[in-house]
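Enquirer: Handing you a structure now.
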Amino acid sequence: MKKFLNKPEDFVDEMLEGIYCAHPEVTYTADDLRCYVTANPVPGKVGIVTGGGSGHLPTFLGFVGKNMLDGCGVGGVFQSPSADQLAEVTRYVDQGAGVLYVYGNYTGDIMNFDMASELVELDDIETATVTGNDDVASSVVGEEHKRRGVAGIFFLYKAAGAAAARMLPLAEVARITEKARSRTRTMGVALSACIVPEIGKPGFEIGEDEMEIGMGIHGEPGISRKKLAAADDVVDEMMERIFAETDYAKGDEVAILMNGLGGTPKEELYILYRRVAKLMDEMGVKIRHVWLGEFATSMEMAGFSISVLHLDNELEPLIAAKADTPFFSYFAK
Amino acid sequence: MKKFLNKPEDFVDEMLEGIYCAHPEVTYTADDLRCYVTANPVPGKVGIVTGGGSGHLPTFLGFVGKNMLDGCGVGGVFQSPSADQLAEVTRYVDQGAGVLYVYGNYTGDIMNFDMASELVELDDIETATVTGNDDVASSVVGEEHKRRGVAGIFFLYKAAGAAAARMLPLAEVARITEKARSRTRTMGVALSACIVPEIGKPGFEIGEDEMEIGMGIHGEPGISRKKLAAADDVVDEMMERIFAETDYAKGDEVAILMNGLGGTPKEELYILYRRVAKLMDEMGVKIRHVWLGEFATSMEMAGFSISVLHLDNELEPLIAAKADTPFFSYFAK
Amino acid sequence: MQSIESKMVPGLFERFAARFEAERDALIALDGKVGDSDLGLTMSKAFKAARDKVLGEFADADIGTQMKQAGGAISKAAPSTMGTLMATGFLRGGKAMAEAEALDVAGLAAFWRAYADGVAQRGKAQLGDKTVLDVLDPIARAYEAQAAAGAELEVASAVAAKAAADALEATKDLVAQHGKAAAFQEKSRGLQDAGGTVACMLAEELNAFVQAAKG
Amino acid sequence: MQSIESKMVPGLFERFAARFEAERDALIALDGKVGDSDLGLTMSKAFKAARDKVLGEFADADIGTQMKQAGGAISKAAPSTMGTLMATGFLRGGKAMAEAEALDVAGLAAFWRAYADGVAQRGKAQLGDKTVLDVLDPIARAYEAQAAAGAELEVASAVAAKAAADALEATKDLVAQHGKAAAFQEKSRGLQDAGGTVACMLAEELNAFVQAAKG
Ligand SMILES: Nc1ncnc2c1ncn2[C@@H]1O[C@H](COP(=O)(O)OP(=O)(O)O)[C@@H](O)[C@H]1O
Ligand SMILES: Nc1ncnc2c1ncn2[C@@H]1O[C@H](COP(=O)(O)OP(=O)(O)O)[C@@H](O)[C@H]1O
Ligand SMILES: [Mg+2]
Ligand SMILES: [Mg+2]
Ligand SMILES: [Mg+2]
Ligand SMILES: [Mg+2]
Numbered sequence: 001m002k003k004f005l006n007k008p009e010d011f012v013d014e015m016l017e018g019i020y021c022a023h024p025e026v027t028y029t030a031d032d033l034r035c036y037v038t039a040n041p042v043p044g045k046v047g048i049v050t051g052g053g054s055g056h057l058p059t060f061l062g063f064v065g066k067n068m069l070d071g072c073g074v075g076g077v078f079q080s081p082s083a084d085q086l087a088e089v090t091r092y093v094d095q096g097a098g099v100l101y102v103y104g105n106y107t108g109d110i111m112n113f114d115m116a117s118e119l120v121e122l123d124d125i126e127t128a129t130v131t132g133n134d135d136v137a138s139s140v141v142g143e144e145h146k147r148r149g150v151a152g153i154f155f156l157y158k159a160a161g162a163a164a165a166r167m168l169p170l171a172e173v174a175r176i177t178e179k180a181r182s183r184t185r186t187m188g189v190a191l192s193a194c195i196v197p198e199i200g201k202p203g204f205e206i207g208e209d210e211m212e213i214g215m216g217i218h219g220e221p222g223i224s225r226k227k228l229a230a231a232d233d234v235v236d237e238m239m240e241r242i243f244a245e246t247d248y249a250k251g252d253e254v255a256i257l258m259n260g261l262g263g264t265p266k267e268e269l270y271i272l273y274r275r276v277a278k279l280m281d282e283m284g285v286k287i288r289h290v291w292l293g294e295f296a297t298s299m300e301m302a303g304f305s306i307s308v309l310h311l312d313n314e315l316e317p318l319i320a321a322k323a324d325t326p327f328f329s330y331f332a333k
Numbered sequence: 001m002k003k004f005l006n007k008p009e010d011f012v013d014e015m016l017e018g019i020y021c022a023h024p025e026v027t028y029t030a031d032d033l034r035c036y037v038t039a040n041p042v043p044g045k046v047g048i049v050t051g052g053g054s055g056h057l058p059t060f061l062g063f064v065g066k067n068m069l070d071g072c073g074v075g076g077v078f079q080s081p082s083a084d085q086l087a088e089v090t091r092y093v094d095q096g097a098g099v100l101y102v103y104g105n106y107t108g109d110i111m112n113f114d115m116a117s118e119l120v121e122l123d124d125i126e127t128a129t130v131t132g133n134d135d136v137a138s139s140v141v142g143e144e145h146k147r148r149g150v151a152g153i154f155f156l157y158k159a160a161g162a163a164a165a166r167m168l169p170l171a172e173v174a175r176i177t178e179k180a181r182s183r184t185r186t187m188g189v190a191l192s193a194c195i196v197p198e199i200g201k202p203g204f205e206i207g208e209d210e211m212e213i214g215m216g217i218h219g220e221p222g223i224s225r226k227k228l229a230a231a232d233d234v235v236d237e238m239m240e241r242i243f244a245e246t247d248y249a250k251g252d253e254v255a256i257l258m259n260g261l262g263g264t265p266k267e268e269l270y271i272l273y274r275r276v277a278k279l280m281d282e283m284g285v286k287i288r289h290v291w292l293g294e295f296a297t298s299m300e301m302a303g304f305s306i307s308v309l310h311l312d313n314e315l316e317p318l319i320a321a322k323a324d325t326p327f328f329s330y331f332a333k
Numbered sequence: 001m002q003s004i005e006s007k008m009v010p011g012l013f014e015r016f017a018a019r020f021e022a023e024r025d026a027l028i029a030l031d032g033k034v035g036d037s038d039l040g041l042t043m044s045k046a047f048k049a050a051r052d053k054v055l056g057e058f059a060d061a062d063i064g065t066q067m068k069q070a071g072g073a074i075s076k077a078a079p080s081t082m083g084t085l086m087a088t089g090f091l092r093g094g095k096a097m098a099e100a101e102a103l104d105v106a107g108l109a110a111f112w113r114a115y116a117d118g119v120a121q122r123g124k125a126q127l128g129d130k131t132v133l134d135v136l137d138p139i140a141r142a143y144e145a146q147a148a149a150g151a152e153l154e155v156a157s158a159v160a161a162k163a164a165a166d167a168l169e170a171t172k173d174l175v176a177q178h179g180k181a182a183a184f185q186e187k188s189r190g191l192q193d194a195g196g197t198v199a200c201m202l203a204e205e206l207n208a209f210v211q212a213a214k215g
Numbered sequence: 001m002q003s004i005e006s007k008m009v010p011g012l013f014e015r016f017a018a019r020f021e022a023e024r025d026a027l028i029a030l031d032g033k034v035g036d037s038d039l040g041l042t043m044s045k046a047f048k049a050a051r052d053k054v055l056g057e058f059a060d061a062d063i064g065t066q067m068k069q070a071g072g073a074i075s076k077a078a079p080s081t082m083g084t085l086m087a088t089g090f091l092r093g094g095k096a097m098a099e100a101e102a103l104d105v106a107g108l109a110a111f112w113r114a115y116a117d118g119v120a121q122r123g124k125a126q127l128g129d130k131t132v133l134d135v136l137d138p139i140a141r142a143y144e145a146q147a148a149a150g151a152e153l154e155v156a157s158a159v160a161a162k163a164a165a166d167a168l169e170a171t172k173d174l175v176a177q178h179g180k181a182a183a184f185q186e187k188s189r190g191l192q193d194a195g196g197t198v199a200c201m202l203a204e205e206l207n208a209f210v211q212a213a214k215g
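Residue numbers (the UniProt record's numbering), protein chains in the order written: chain A, 1 to 333; chain B, 1 to 333; chain C, 1 to 215; chain D, 1 to 215.
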């Protein structure tokens, strides 16, 4: 295991210490480093809370900031934060307008968020929940509720954050976020495994010339393992899956997230994006927004994912709104 | 070689095609994809041009944009752009106020920029040059002119871009950039090699438990190769080198760039930064600005660098100015 | 021995902690087959935290409190799927014990029933979904049957441990419907469920503890 | 044979291109020792581009133009350190030939002198700095001495090739002062200079071309 580390068991907390040193606009509550919150809550605004395992920076905590999220429960590597931690974050973040939970569809997270919402009910804090399940590879059409959430949750954060910034009520923010959820699809492919510091060895084996299409961000297996193909062919195969479940009319607009899993350089992401743009162009679909970089990683895993949000008139301006967090800054154009 | 590629020889041009698809705020001149320029030149402003080999995204072209650079000659992987290309970029970028060349201190680049400046002299374009040489490991004190430029060039871009945006004349922009150069120091460490697509194998070998302190961003050897130590110890050794050549008084301010070389996850960068902040604090030096992420990479190489700019009253507001490029957005706080 | 008394409970948790420490790498490997490899880590952390809690401030508390405190400690120390489910189990089991000072066979039947039902409710899993529930429910049923038959504690816990092992074996024939393993669908057939393995170890350690206490 | 005529120059560049194509991996490995491994790539690209230029539109041009065009092609195709230096060399060498129709020994002396001086000026290197200049300068000096002595072309080019090989061998004793290799300082001692190796190959191919043309 070749990592810059002190003790593996301090990985998450030392990472958090570094983040708090670097970014005074975020802080923690309940005397617990893992209860990560904005330093500048906005009175009367619906709070947006996320949470999940560590090892995916900038996901999840990286999107706490202006016009996006207000708080994040931080778990161990690939592990859910506890219900207590999520409840503490919720209490801090609530500004009288209730709190929306937006997180990925994983059993551990669901149970802990559910428990947290029961806990804060005792404090009369209203919550609503939207769980991201954008990963097309993780279950078939008709079983979407079983799909896991991956990088596409970025779009849910963006829409939720912008909606809340407009001071809309909880039910509206939840409705909009739910709409973004239902219109987001992601396909990923991995070339290598990553190592959980406390485990010290890779989570799976993959051959020197193999790729795993549809692999999850903790190394969950995908749809097929095959020989690494040319970049264009990889994109074609992935986009075919996404196109298969979405009805695009000519002139429709999308937002795209080209996400590196950690070990894949930006140079390659642009080579891949070139092909995505070509396919969209052939369909007559306009790419209205694109972000390219590392948004949801698996530490040093090589690979990437393509997320597509099918825009409509309500979502577009929310996606286009400016945002400023320690890990993501976007000037509205 | 596990990369998402079509033909290795198309790596750079397909990457550029992807970048132009994604970012309409940049374009190219002279019908040459590798002559990369802003789509929105500012009349009367000093133009800032950089250039260098590919494989370091977001360096170099990534900083072309508002309040930073105006153009970039794009070379093959780890190779200089040609003098002709640099001359074309210069001609496009010149808005009557002359052009500042800011690039890294490498023989190939120097020769091509020098040739370019001779070529555009024929068009009556005035140029000035500042070559970044921040890499402390690449030559001893007293031989600073031999030092190569690495990630710290980001601070030169930031200062030069903000100075030019204030519509200062060429000589002033050059003086300020030169000052930023003289006050910037970088130390890096690498854990793994990277593969140039057209070569297909790693540039050097490094043991499973080894690190190379001071390695260059093309794999040039550093000061020492040793067993990978604890993160805090690695930082201590690197910072000692930087502290050894700078006189800090209590209350002095610095800007810091924690730069991942490509394969090292942000989680680790924050663990490392935590230690940097502690050392600075012990010295009584205030970290006024910090950026953390991938700024100058070597494709998939694992490792990181620490760059420190010793601020003064003139440089600080320039470093603090807002900037917006396809690869780097910063809201002034 | 007719029942486990509250002052014996710390010893039981020492056993749990030691077992999951010893099985750390095996559970990492098992979870790694169709999951994310964390189970060995989370279970060793979970039961270390539970032990510390029960050995520490709650060594002299009643059994219900001890179990609930163990659950609370687990929920903080290891909030993964299995961590949260085991936390819920101990919390609900402890509640079912109320302020009991000792656990006899009937008490254990009530404990495991509440434990299994809590897990089912929290995880929204059905029997046959290839989860920890497919081992927990047989454990509860075994204690219930033994209690109805008026069995000795040593007999009942041996029967329950055997029922757990059989149930774990039977999970091999099931196809995973939940969690990360569900992605593997048919490929999960033939593998024993990782969470079920943990439940089986709990029943085994409880039995070993009872037999050792008798001897 | 007294001189190389302009119509023979395409054949000379075919040799250069073939040699650097063949040496691609060897030069990658050599540059990799104290540099960035690109030399094999850049030189094969550089001389392929030069050949295409000289074989194409400039097959019938005068020698000076052919050399300058080769230089221009190299500067576009491979603007690395060595690419740019070789481009400069051919540009300056070609200029020194003016509109000559043939290259005799005296012409070659002038060509290589202009070549070496151009490289020295562009790279700002001194003799002894362990660069390509430490092989180019001996090549120029060999042709100058042979021209002064009135030697035949075959003899002169053989002597120059030998001088290049010796000079290359001698670079092993030097310590690199420029480019990426300079970072290695003392460690660069004992290794032959990568750029010098390229210069030596040029002299060798020129000689082999002359000998083959004679035969
Ligand atoms: N919804 C559920 N209900 C009950 N048990 C479940 C459920 N989902 C998963 N499990 C159990 O959890 C085990 C995996 O636990 P764990 O490794 O903690 O999961 P994860 O790493 O995905 O959080 C499975 O083997 C299964 O027994
Ligand atoms: N300033 C210089 N002047 C002359 N030759 C130089 C100079 N710097 C480097 N060289 C030569 O260039 C060779 C390396 O060429 P190349 O691989 O193209 O360099 P890089 O990859 O650093 O651009 C060295 O072996 C040396 O002969
Ligand atoms: Mg990376
Ligand atoms: Mg090079
Ligand atoms: Mg698991
Ligand atoms: Mg080289």
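Glycine is no exception: its CB is placed at the ideal position from the N, C-alpha and C atoms.
Because the structure is a prediction, the values reported are computed rather than measured.
Do residue 360 of chain A and residue 140 of chain A have their C-beta atoms closer together than 7 Å?
Expert: Residue 360 of chain A is absent from the structure shown; chain A starts at 1 and stops at 333.
Enquirer: Any beta carbon from chain F within less than 7 Å of residue 153 of chain D's own beta carbon?
Expert: Going by chain labels, chain F is absent from the structure shown, which instead holds the protein chains A, B, C and D.
Enquirer: Under the criterion of a Cβ to heavy atom distance below 6 Å, does residue 12 of chain B qualify as lining ligand 2?
Expert: no
Enquirer: Where do the N-terminal and C-terminal ends of the alpha helix (DSSP H) with residue 236 of chain B fall, by residue?
Expert: 231-244
Enquirer: Bridge partners for residue 202 of chain B per DSSP, in chain order?
Expert: B:195
Enquirer: For residue 292 of chain A, report the span of its beta strand (DSSP E) as first-last.
Expert: 286-293
Enquirer: Under 7 Å, CB to CB, which of the residues in the segment 79-93 of chain D have a partner in chain B?
Expert: 79, 80, 81, 84
Enquirer: For the alpha helix (DSSP H) that contains residue 40 of chain C, what are its first and last residues?
Expert: 39-55
Enquirer: Considering only the beta carbon of each residue, do residue 190 of chain B and residue 215 of chain B sit closer than 7 Å?
Expert: Contact flag set, yes.
Enquirer: Assign residue 217 of chain B to one of three DSSP states: helix, strand, or coil.
Expert: coil
Enquirer: For residue 220 of chain A and chain C, any beta-carbon pair shorter than 7 Å?
Expert: True, the Cβ-Cβ gap to chain C drops below 7 Å.
Enquirer: Counting along the chain, where does the beta strand (DSSP E) carrying residue 260 of chain B start and finish?
Expert: Run containing residue 260 of chain B: 253-260, per the beta strand (DSSP E) assignment.
Enquirer: Between residue 77 of chain D and residue 49 of chain D, how many whole angstroms is the CB-CB distance? I'm expecting something under 8 Å.
Expert: 3 Å
Enquirer: Is residue 64 of chain C closer than 7 Å to residue 101 of chain C when the C-beta atoms are compared?
Expert: no
Enquirer: Which chain D residues are close to residue 84 of chain B, counting only those with a beta carbon under 8 Å from its beta carbon?
Expert: 75, 76
Enquirer: Excluding five sequence neighbours on each side, which residues of the same chain lie with their C-beta closer than 7 Å to the C-beta of residue 88 of chain B?
Expert: 29, 30, 32, 35
Enquirer: Should residue 317 of chain A go down as buried or exposed, given a rule of 16 or more other Cβ atoms within 10 Å for buried?
Expert: exposed
Enquirer: Reducing DSSP to helix, strand and coil, say where residue 187 of chain B ends up.
Expert: strand
Enquirer: I need the straight-line Cα distance from residue 195 of chain B to residue 5 of chain A, nearest angstrom please.
Expert: 25 Å
Enquirer: Of all the alpha helix (DSSP H) runs that stay within the bounds of the segment 82-107 of chain A, which reach a length of 4 or more residues?
Expert: 83-93
Enquirer: Based on the DSSP secondary-structure assignment, which residues constitute the bridge partners of residue 225 of chain A?
Expert: A:212
Enquirer: Consult DSSP for residue 250 of chain A and reduce its assignment to one of helix, strand or coil.
Expert: coil
Enquirer: Could you tell me which of C:169, C:45, C:84 sits nearest to residue 24 of chain C, measuring between CA atoms?
Expert: C:45
Enquirer: Compare the C-beta of residue 41 of chain C against all C-beta atoms of chain A and say whether one is closer than 7 Å.
Expert: yes
Enquirer: With a threshold of 6 Å (Cβ to nearest heavy atom), would residue 35 of chain C be considered close to ligand 5?
Expert: yes
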